[in-house]
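Chain order of the listed sequences is H and L.
Okay, so the first sequence: first residue is 11 according to this note's numbering, each after it adds one.
Okay, so the second sequence: first residue is 11 according to this note's numbering, each after it adds one.
C-beta atoms are modelled at their ideal positions from N, C-alpha and C, and glycine is treated no differently.
Inspection log for the structure reproduced underneath, given as structure tokens.
Number of protein chains: 2
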Amino acid sequence: MDKTAHDVKLNALLADAARIFAERGYHRTSMRDLARESGVSLSGLYYYVSSKDELLFLIQSRNFEAVLSRLRDQLADVREPAARLQTFVDNHLDYFASHMSEMKVLSHEAESLGGEYLARVNDTKREYTRVLMDILADLEGSHGPAHLNRRVATYILFGMMNWIYTWYDPMGDVGVELLSQSVSRLFLGGYVGLPVGAQQMPRATAG
Amino acid sequence: MDKTAHDVKLNALLADAARIFAERGYHRTSMRDLARESGVSLSGLYYYVSSKDELLFLIQSRNFEAVLSRLRDQLADVREPAARLQTFVDNHLDYFASHMSEMKVLSHEAESLGGEYLARVNDTKREYTRVLMDILADLEGSHGPAHLNRRVATYILFGMMNWIYTWYDPMGDVGVELLSQSVSRLFLGGYVGLPVGAQQMPRATAG
DNA sequence: GTTCTAGGCGAACGCTCGTTCGAATCAACG
DNA sequence: CGTTGATTCGAACGAGCGTTCGCCTAGAAC
Numbered sequence: 011m012d013k014t015a016h017d018v019k020l021n022a023l024l025a026d027a028a029r030i031f032a033e034r035g036y037h038r039t040s041m042r043d044l045a046r047e048s049g050v051s052l053s054g055l056y057y058y059v060s061s062k063d064e065l066l067f068l069i070q071s072r073n074f075e076a077v078l079s080r081l082r083d084q085l086a087d088v089r090e091p092a093a094r095l096q097t098f099v100d101n102h103l104d105y106f107a108s109h110m111s112e113m114k115v116l117s118h119e120a121e122s123l124g125g126e127y128l129a130r131v132n133d134t135k136r137e138y139t140r141v142l143m144d145i146l147a148d149l150e151g152s153h154g155p156a157h158l159n160r161r162v163a164t165y166i167l168f169g170m171m172n173w174i175y176t177w178y179d180p181m182g183d184v185g186v187e188l189l190s191q192s193v194s195r196l197f198l199g200g201y202v203g204l205p206v207g208a209q210q211m212p213r214a215t216a217g
Numbered sequence: 011m012d013k014t015a016h017d018v019k020l021n022a023l024l025a026d027a028a029r030i031f032a033e034r035g036y037h038r039t040s041m042r043d044l045a046r047e048s049g050v051s052l053s054g055l056y057y058y059v060s061s062k063d064e065l066l067f068l069i070q071s072r073n074f075e076a077v078l079s080r081l082r083d084q085l086a087d088v089r090e091p092a093a094r095l096q097t098f099v100d101n102h103l104d105y106f107a108s109h110m111s112e113m114k115v116l117s118h119e120a121e122s123l124g125g126e127y128l129a130r131v132n133d134t135k136r137e138y139t140r141v142l143m144d145i146l147a148d149l150e151g152s153h154g155p156a157h158l159n160r161r162v163a164t165y166i167l168f169g170m171m172n173w174i175y176t177w178y179d180p181m182g183d184v185g186v187e188l189l190s191q192s193v194s195r196l197f198l199g200g201y202v203g204l205p206v207g208a209q210q211m212p213r214a215t216a217g
């Protein structure tokens, strides 16, 4: 897919837009900023995209759907609930770390969309949340009743994962494996009391 | 403090501004919006505030310093590390739940400030983070080595707490006590393996 | 060689933005 | 009464915004 010259240029534009939206914020970024940094004229942008809103929508929906699609692939051959939880966290943070700009735009500019665009992104969000809540239900089934309200636990876990756009540097000393294991262990240890100190843990070379 | 008529009106303005910034976002809100909803003329706003930026700064700095000040009061007579961690979480979420608009503006518009204003808010942020990291160090001292990198754990915990502005409804079924206990237990269970199922837990009446 | 079309651009439109400025109001005080 | 100082406002300024329009180019199709 995405073979034609038109598609290639649109994808490049979306990548530039995601980078700039992540740096300056969606509302602060003007179409003129975007034109300058992507090497297209101001009016030329509108050949690929019908509005600034659509630009934001395309960034959010394409990446969110990519996360969800990869998640389904990865979960396909994992059965054990705790392993499924870890797979969910791994997939989320892995995609996050390798698409920081896009995921920051997805996390931070959730309320910048409206109308039909917002409704469609929210549909994906509901699906995605549902997958996690089902895993939590399975966890309770196999490891005994949870110590927390399931819905609250779900949102707290999303908080652990989505907040990283405010501080995480993929080029820094903390690898995504450490991050992912930390979140999984923190959650599993607190949610169903799974032991968290058994396996070896990758170490950050600095704090 | 804040006795003069001038101070009273400024405080009311800040409260209105926080509410509107939380609803519409800082950059999307115009001074005209603010004037309309606070019952002052457009130019009248500038008698109380020198710029839109200063408005945001005042909201962020005053509330952040209030959180930090209350925290120090509360920590003053708590010694046991796990109890200090719980005090930190309680204080943070308690203030959050009773000042949702202000705290959403503080969390979500962190990058909307620049220059000297940003530097001053970041000073407070550094102090606040330092308090939490010291508590984590104490925890490791009394409950054995942690299962996670301390700095990573700190930021993950902030993620659990700060993300709630995206979903928490203080008027809904989930009380702030449940929220606070959930976060504390999740963290303590995963960080130093403290048992999490012993005490009674408030229940949400619905999910 | 003419026609067609995808791709691209300069210039402008109508609008909103944050901020300023000078004047009006009004209570307090000499 | 006249003056002062605090408070408020209408009107305007210059700048920037998202978007549109008509025109240009170049190569493929016939």
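Pick from the options: whose alpha carbon is nearest that of residue i?
{"i": "L/H118", "options": "L/R80, L/Y201, L/H37 and L/A15", "result": "L/H37"}
{"i": "H/E150", "options": "H/E126, H/Y165, H/L78 and H/L204", "result": "H/L204"}
{"i": "L/L55", "options": "L/G35, L/A22 and L/Q84", "result": "L/A22"}
{"i": "H/V186", "options": "L/W177, L/V162 and L/L198", "result": "L/V162"}
{"i": "L/K114", "options": "L/R160, L/K62, L/W177 and L/R130", "result": "L/W177"}
{"i": "L/T164", "options": "L/H109, L/H153, L/G200 and L/S40", "result": "L/G200"}
{"i": "H/L123", "options": "H/H153, H/K62 and H/A45", "result": "H/K62"}
{"i": "L/A107", "options": "L/D183, L/L146 and L/G125", "result": "L/D183"}
{"i": "L/L146", "options": "L/S79, L/A86, L/A32 and L/A93", "result": "L/A93"}
{"i": "L/G154", "options": "L/L198, L/V18 and L/E126", "result": "L/L198"}
{"i": "H/D17", "options": "H/R46, H/Y58, H/F31 and H/R136", "result": "H/Y58"}
{"i": "H/L85", "options": "H/F31, H/Y138 and H/S152", "result": "H/Y138"}
If we call anything under 8 angstroms between Cβ atoms a contact, is residue i one with residue j?
{"i": "L/L66", "j": "L/L24", "result": "no"}
{"i": "L/V99", "j": "L/S190", "result": "yes"}
{"i": "L/V141", "j": "L/L81", "result": "yes"}
{"i": "H/L158", "j": "L/L196", "result": "yes"}
{"i": "L/S111", "j": "L/R42", "result": "no"}
{"i": "H/D26", "j": "H/S48", "result": "yes"}
{"i": "H/Q96", "j": "H/S192", "result": "no"}
{"i": "L/R160", "j": "L/M181", "result": "no"}
{"i": "L/P91", "j": "L/D179", "result": "no"}
{"i": "L/A129", "j": "L/V202", "result": "no"}
{"i": "H/S71", "j": "H/T134", "result": "yes"}
{"i": "L/E64", "j": "H/G35", "result": "no"}
Give me the Cβ distance between residue i and residue j, rounded to the nearest whole Å; I'm assuming they're in contact under 8 angstroms.
{"i": "H/F74", "j": "H/L116", "result": "6 angstroms"}
{"i": "L/V77", "j": "L/Y105", "result": "5 angstroms"}
So with CB distances below 8 angstroms, who are the chain L contacts of residue i?
{"i": "H/S192", "result": "L158, N159, V162, A163 and I166"}
{"i": "H/F197", "result": "L196 and G200"}
Listing by chain order, which chain L residues have their CB less than 7 angstroms from the CB of residue i?
{"i": "H/L189", "result": "V162"}
Under 9 angstroms between beta-carbons, which chain L residues line up against residue i? List them in chain order, please.
{"i": "H/N172", "result": "G169, W173 and T176"}
{"i": "H/V184", "result": "N159, R161 and V162"}
Along chain H, which residues have their Cβ under 9 angstroms away from the Cβ of residue i?
{"i": "L/H37", "result": "G35, Y36, H37 and R38"}
By the criterion of Cβ-Cβ separation under 7 angstroms, what are the contact partners of residue i in chain H?
{"i": "L/E121", "result": "G35"}
For this session: Report yes or no: do the segment 167-184 of chain H and the segment 168-177 of chain L share at least 3 C-beta pairs separated by less than 8 angstroms?
Result: yes
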